[in-house]
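In my numbering, the protein residues as written are 23 to 536. Note that beta-carbon positions come from the ideal geometry of N, C-alpha and C, so glycine has one too.
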RNA sequence: GGCCGGUUCGUCUAUCGGCUAGGACAGCCCCCUUUCACGGGGCAAAGACGGGUUCGAUUCCCGUACCGGCUACCA
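The following block contains the structure:
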């Protein structure tokens, strides 16, 4: 597989989300690729919570992440929730660890103290902003003009430190150096350090930024392969240098930068707003913002099967080289490979997403769907007393359900009388002969001894012939009488399942309405 | 603006120098079905552009265009 220095090492991968809100399609896909890769190599899948930005912390977001992973069946081997030998797995709880490495970098001359205030930074950006350079960077050209330990005297620095002046630690990017690495998806990617700024490593509040934390933790947690979104590519040189400066270069994981999931229309990264705007979910499960109380619908609640959700995510940017698009998680574990991940971003197509769900509903057995369907019916005050009947109904209607919620319309009439009848569709062609036919049909059914689809159909057709009516023009009225509208499986199958009493009663009800 | 990445039917994609460019979703038509589906069959639909390299380029190289990402004491 990967013929490299990790051949003899146990594969360890991590998903490192920030607990700032609901888990997005792209996030779950990153989890999935991590999970598949880990399981394929009998490795470990770790979830590490990157909560270093205290201002963005959102209550409940972490639980939401774990609930989502559980729903998807992508359960981590190690995490703050599941424990593990490298605990703690929450970066806020590892705060003390990072400072020592940051100081180490300063001592080695790879990083420095910077005392600039927010206002000073803003001023610098304003001062040096030109039309050719709209966003000046804190880099090798400008750092000498700022307040930091590269240009201040040792005395001044000691004094500022002694006075408890707030400071950050910044990496000292080399002036002109080419750094490159081999991405599992993209191949060799290289950068010139002149183009990247002196990123903050340790913030004034003592928390590390992502850049420091991800390197330190990936090292300490013995991560062998690191997968993340393409938006991280530009900061790869910072991370690369950090691995080197900290003396861990030999342990550096193999990286893969995953393509982005884009808006279906317009341009740009898919966001929660696009879902609201276009009417489809982007979060895995319902997410309620604790502050605004705003509810964002999820794929789960929209009626998606987790198997379908995982399947559709897997093939958004990846394929196995054949024409097959339907995969179980086991098949994905077996077939997945990072090399076959497409490089370009993919626009999300909700229609195709629904197709996956439809396929999964069709291939699921009635007993696999039973609980989920029963729950949806129960939410709509339909109590299912007979589970066997529900299974029969599910098998009868599942091919016409795209979302689990479709089971409501497709099967409620098996359990209770329709509340509305689409009599408007019968009316135009209704006449005395048909009226008489249905009165007699109800009577005949009432006296039937045999109650099964085939005999009911036979009886129906014989009676139609007796009235010199074509069965065709009677089928639609009968359907509407039994189910309420122009939908559902075969009419005689329905009559058979709902039984004599309900069949007769519904026919008479509707005849009375016409 | 700079840096990095990307670019095949409307959408997701196959192709690893030989292509009549294949599949899937969506669309349209037909069959099956006197509902809606399922199923079966069919139609329409693509290599951003310009240069190279080559007997031969969608495939390799270089430009250009376009799209995206990044350019925070956010991740």
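Any idea what DSSP makes of residue 531, helix, strand or coil?
Along the first chain, one-based indexing puts residue 531 at 509. Note: residue 531 maps to helix in three-state DSSP.
Q: Go to residue 34, then tell me how far its alpha helix (DSSP H) extends in each direction, as first and last residue.
A: By 1-based counting over the first chain, the position of residue 34 is 12. Where residue 34 is concerned, there is no enclosing alpha helix (DSSP H), although the beta strand (DSSP E) it sits in stretches over 34-37.
| message | Under DSSP, the beta strand (DSSP E) around residue 539 begins and ends at which residues? | response | A question about residue 539 goes unanswered here, because the residues of the chain that appear run from 23 up to 536.
How far does the alpha helix (DSSP H) with residue 337 in it reach, from first residue to last?
As a working note, residue 337 is residue 315 in the first chain. Neither: residue 337 is in no alpha helix (DSSP H) and is coded neither H nor E.
- Item | Host beta strand (DSSP E) of residue 210 (start-end) | For this step, residue 210 is matched to residue 188 along the first chain. Per DSSP, residue 210 belongs to the beta strand (DSSP E) from 209-214.
Item checked: Reference residue 77, options 104, 40, 87 and 70, closest by Cα -> Taking the first residue of the first chain as 1, we reach residue 77 at position 55. Residue 40 is the option with its Cα nearest to residue 77.
Notebook entry, point to check: When DSSP labels each residue in this structure, what does residue 388 get in the three-state scheme?
Noted result: Looking up residue 388 in the first chain gives position 366. It is helical.
Could you tell me the alpha carbon to alpha carbon distance between residue 67 and residue 110, rounded to whole angstroms? Reading the first chain from its first residue, position 45 is the one you call residue 67. Reading the first chain from its first residue, position 88 is the one you call residue 110. If I take the Cα positions, the gap works out to 15 Å.
>> Since residue 528 and residue 504 should fall inside the 8 Å C-beta cutoff, what is the C-beta to C-beta distance between them, to a whole number of angstroms?
In response: For the purposes of this step, residue 528 is identified with residue 506 of the first chain, where counting begins at 1. For the purposes of this step, residue 504 is identified with residue 482 of the first chain, where counting begins at 1. About 5 Å separates the two Cβ atoms, so the contact holds.
**Asked** If we ignore side chains and look at the alpha-carbon of each, how far apart do residue 26 and residue 263 end up?
**Response** In the first chain, counting from the first residue as 1, residue 26 sits at position 4. In the first chain, counting from the first residue as 1, residue 263 sits at position 241. For residue 26, the pLDDT reaches just 47, beneath the cut-off of 50, and the residue's location in the model is therefore unreliable, although a value from the coordinates is still provided. Rounded to the nearest angstrom, the two C-alpha atoms are 20 Å apart.
* Are residue 395 and residue 511 closer than 7 Å when you measure CB to CB? -> Here residue 395 refers to the residue found at position 373 of the first chain. Here residue 511 refers to the residue found at position 489 of the first chain. It is not a contact, given that the beta carbons lie outside the stated cut-off.
**Study point:** Proximity winner among 101, 429, 182 and 438, relative to residue 136 (alpha-carbon distances)
**Key:** As a position in the first chain, residue 136 is number 114, starting the count at 1. The shortest Cα separation from residue 136 among 101, 429, 182 and 438 belongs to 182.
Where residue 536 and residue 464 are concerned, what is the direct C-alpha to C-alpha distance, given to the nearest angstrom?
Sequence index remark: in the first chain, residue 536 carries index 514 (1-based). Sequence index remark: in the first chain, residue 464 carries index 442 (1-based). About 15 Å.
Any contact between the segment 351-368 and the segment 51-67? By contact I mean 3 or more CB pairs, one from each, below 8 Å.
yes
Could you tell me the alpha carbon to alpha carbon distance between residue 428 and residue 326, rounded to whole angstroms?
For the purposes of this step, residue 428 is taken as the residue at position 406 of the first chain. For the purposes of this step, residue 326 is taken as the residue at position 304 of the first chain. About 11 Å.
*With distances taken from CA atoms, which of 440, 228 and 75 is nearest residue 123?*
Position 101 of the first chain, counting from 1, holds the residue named residue 123. Cα-wise, what sits closest to residue 123 is 228.
Can you find the residues in the same chain that come closer than 6 Å, C-beta to C-beta, to residue 213, ignoring five residues on each side of it along the sequence? Locating residue 213 in the first chain gives position 191, counting from the first residue. So the qualifying residues of the chain are 201 and 259.
### Query
What residue range is occupied by the uninterrupted alpha helix (DSSP H) comprising residue 475?
Numbered from 1 along the first chain, position 453 holds the residue referred to as residue 475. Note, residue 475: alpha helix (DSSP H), 475-488.
Legend entry - Beta-carbon gap between residue 417 and residue 375 smaller than 7 Å: For the purposes of this step, residue 417 is taken as the residue at position 395 of the first chain. For the purposes of this step, residue 375 is taken as the residue at position 353 of the first chain. For residue 417 and residue 375, no; Cβs fall outside 7 Å.
Among 311, 371 and 380, nearest to residue 423 - alpha-carbon criterion: Within the first chain, residue 423 is the residue found at index 401, counting from 1. Closest by alpha carbon: 380.
| When DSSP labels each residue in this structure, what does residue 310 get in the three-state scheme? | Looking up residue 310 in the first chain gives position 288. Strand at residue 310.
Only counting the same chain, and skipping five residues up and downstream in sequence, which positions put a Cβ closer than 8 Å to that of residue 444? Indexing the first chain from 1 puts residue 444 at position 422. Hits under 8 Å: 502, 506, 507 and 508.
- Task: Quick one: using the 10 Å Cβ neighbour count with 16 as the cut-off for buried, is residue 173 buried or exposed?
- Result: Residue 173 sits at position 151 when you count from the first residue of the first chain. Exposed, by the Cβ-count rule.
Run through DSSP, which three-state label would residue 279 get?
Taking the first residue of the first chain as position 1, residue 279 is located at position 257. The answer is strand: DSSP assigns residue 279 an E or B state.
Taking the alpha helix (DSSP H) that residue 455 belongs to, which residues open and close that run?
Position 433 of the first chain, counting from 1, holds the residue named residue 455. It spans 454-469 - the alpha helix (DSSP H) in which residue 455 sits, taken as one unbroken run.
- Query: How about residue 307 and residue 322: do their beta carbons lie closer than 7 Å?
  - Reply: Translated into positions along the first chain, residue 307 becomes position 285. Translated into positions along the first chain, residue 322 becomes position 300. Yes, Cβ-Cβ distance for residue 307 and residue 322 is below 7 Å.
**Prompt:** Along the chain, where does the alpha helix (DSSP H) that runs through residue 414 open and close?
**Reply:** For the purposes of this step, residue 414 is taken as the residue at position 392 of the first chain. Element bounds for residue 414: 409-419.
| field | Unbroken alpha helix (DSSP H) run spanning residue 87, endpoints | value | By one-based count along the first chain, residue 87 stands at place 65. Its alpha helix (DSSP H) spans residues 83-94.
Buried or exposed by the 16-neighbour rule on C-beta atoms within 10 Å, applied to residue 23:
Residue mapping note: residue 23 aligns to position 1 of the first chain, counting from 1. For residue 23, the predicted structure reports a pLDDT of 41, less than 50, and the residue's modelled location is therefore unreliable. A value from the coordinates is still provided. Looking at its Cβ environment, which holds fewer than 16 other Cβ atoms inside 10 Å, residue 23 is exposed.
Legend entry - residue 383 in three-state terms, based on DSSP: Numbered from its first residue, the first chain carries residue 383 at position 361. Helix.
Excluding the 5 residues preceding and the 5 following residue 519 in the sequence, name in chain order all residues of the same chain whose CB lies nearer than 8 Å to its CB.
Here residue 519 refers to the residue found at position 497 when the first chain is read from its first residue. 411, 414, 415, 418 and 436, listed in sequence order.
Would you give the residue range spanned by the beta strand (DSSP E) that residue 302 belongs to?
Start at 1 with the first residue of the first chain, and residue 302 comes out as number 280. Taken as a continuous stretch (DSSP letters only), residue 302 belongs to no beta strand (DSSP E), as it is neither H nor E.
So, do the segment 125-132 and the segment 264-273 have three or more beta carbon pairs nearer to each other than 8 Å?
-> yes
- Per-residue DSSP class, three states only, for residue 27: As a working note, residue 27 is residue 5 in the first chain. Residue placement at residue 27 is poorly supported in this model, since its pLDDT is 48, which falls under 50; the coordinates are not used for a value here.
Point to revise | Integer Cβ distance of residue 74 from residue 226, believed to fall under 8 Å | key: Within the first chain, numbered from 1, the residue matching residue 74 stands at position 52. Within the first chain, numbered from 1, the residue matching residue 226 stands at position 204. Contact doesn't hold; Cβ gap of about 13 Å is too wide.
When you compare the CB positions of residue 190 and residue 222, do they come within less than 7 Å of one another, or not? Here residue 190 corresponds to residue number 168 of the first chain, with the count starting at 1. Here residue 222 corresponds to residue number 200 of the first chain, with the count starting at 1. Contact flag set, yes.
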